[in-house]
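Residue numbers (mature numbering (1 follows the signal peptide of the UniProt record, and there is no 0)): -23 to -1, 1 to 311. In what follows, a single structure is set out as structure tokens and then discussed.
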């Protein structure tokens, strides 16, 4: 029989071991994505493995600041957010830790991953041209750059330059064309605006539908959601730049926090989220394109047609983000 002191020690060790095992059965995710877009993925993982996923939702900036403030007393294991620009920013803030994975490398193309292994893409969205089927013929459209031409004067709608999606598009254009040419294009876009910029992409699509403008630039999944509500919507998507660099593609992605309490469990979740099983759920729920090329998009997304995507590494969007913001301001895009 154990002496009282030894008994207390044994009980303490048992409790510590029990707590550790219990903690490893939970992964905490800070997410800037809408709950209903990610909950089905997490529920599927819990059903498969028994590991519970706790996710806290907020805008990306407050989440990143919270991770930084928590430091070594971290709550979050993973940061899930949209746009490579945001992920790159999190990487520069020092709140993510890199990790290598043969599974992730095999499932996700290199252009959709951080070159330092700090984050990986999970789903893709194209930022493309939307047009009125009543006032525009597809043959009139060619490239993003051509929307700066005189024939689109008073016919273009854009979302605010304050949104990272437009900052990333601009950043990749700077990478391709250089600063001088890109700024000229942006000024052409601003000159061709039919109205003030909008706060979101759905408003751009609604403006095209209402006749306020004939063309706009939007993320594909916003079109998918609106089209589902209004199947007869006289607005379609056009894939620009098919003769040169291709359509601008960005992503939603995930990174392991620097002081993740459960790093191994978190890594296992990230690896699973890149597999065909998880990617299929992402594609069906989010109306986005799978980041894993072995997985087909949903029927609705596939109906939009195939396109050649830009092969530029998406992290360029982060590296040139500050430059893009300054340029958009100079161009009068507010």
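Glycine residues also receive a C-beta, built at the ideal position from the N, C-alpha and C atoms.
Item: Inside the segment 164 to 199 only - beta strand (DSSP E) runs reaching at least 3 residues; Value: 192 to 196
Item: Per-residue DSSP class, three states only, for residue 227; Value: strand
Item: Separation of residue 46 from residue 39, as counted between CA atoms; Value: 10 Å
Item: Residue range of the alpha helix (DSSP H) that includes residue 303; Value: 298 to 307
Item: Integer Cβ distance of residue 130 from residue 162, believed to fall under 8 Å; Value: The Cβ separation is near 14 Å, so there is no contact.
Item: Secondary structure of residue 39, DSSP reduced to three states; Value: helix
Item: Cutoff 7 Å; reference residue 18; Cβ partners in own chain excluding five residues on either side; Value: 250, 255, 258, 259
Item: Beta-carbon proximity list for residue 90, same chain, < 6 Å, skipping 5 on both sides; Value: 97
Item: Assigned exposure category for residue 303 - 16 Cβ within 10 Å defines buried; Value: exposed
Item: Where the beta strand (DSSP E) through residue 120 begins and ends; Value: Taken as a continuous stretch (DSSP letters only), residue 120 belongs to no beta strand (DSSP E), as it is neither H nor E.
Item: Straight-line gap, residue 43 to residue 35 (C-alpha atoms, nearest Å); Value: 10 Å
Item: C-alpha distance - residue 216 paired with residue 49, whole-angstrom precision; Value: 45 Å
Item: Residue of 61, 41, 66, 62 minimising C-alpha distance to residue 55; Value: 41
Item: Contact check, residue 212 vs residue 105, beta carbons under 9 Å; Value: no
Item: Host alpha helix (DSSP H) of residue 15 (start-end); Value: 12 to 26
Item: Burial state of residue 244, where buried means 16 or more other Cβ atoms lie within 10 Å; Value: buried
Item: Check whether residue 136 and residue 201 have beta carbons under 9 Å apart; Value: no
Item: Between the CA atoms of residue 168 and residue 310 - distance to the nearest angstrom; Value: 10 Å
Item: Status (buried if at least 16 other CB within 10 Å, exposed otherwise) for residue 62; Value: buried
Item: 9 Å Cβ cutoff met for residue 284 and residue 103; Value: yes
Item: Nearest neighbour of residue 269, chosen from 186, 306, 185, 230 [CA to CA]; Value: 230
Item: Best match in 263, 287, 246 for proximity to residue 25 [C-alpha to C-alpha]; Value: 246
Item: Contact check, residue 315 vs residue 293, beta carbons under 9 Å; Value: This structure cannot settle anything about residue 315, because the visible part of the chain is limited to -23 through 311.
Item: Pair within 9 Å by beta-carbon distance, residue 166 and residue 125; Value: yes
Item: With 16 other Cβ atoms within 10 Å as the buried cut-off, status of residue 206; Value: exposed
Item: contact_flag[the segment 58 to 75, the segment 134 to 150] where n(CB pairs < 8 Å) is 3 or more; Value: yes
Item: Ordered list of alpha helix (DSSP H) runs contained in the segment 229 to 270, each at least 4 residues; Value: 240 to 250, 253 to 263
Item: Cβ distance (whole Å) where residue 113 is taken to contact residue 191 below 8 Å; Value: 5 Å
Item: Straight-line gap, residue 280 to residue 198 (C-alpha atoms, nearest Å); Value: 13 Å
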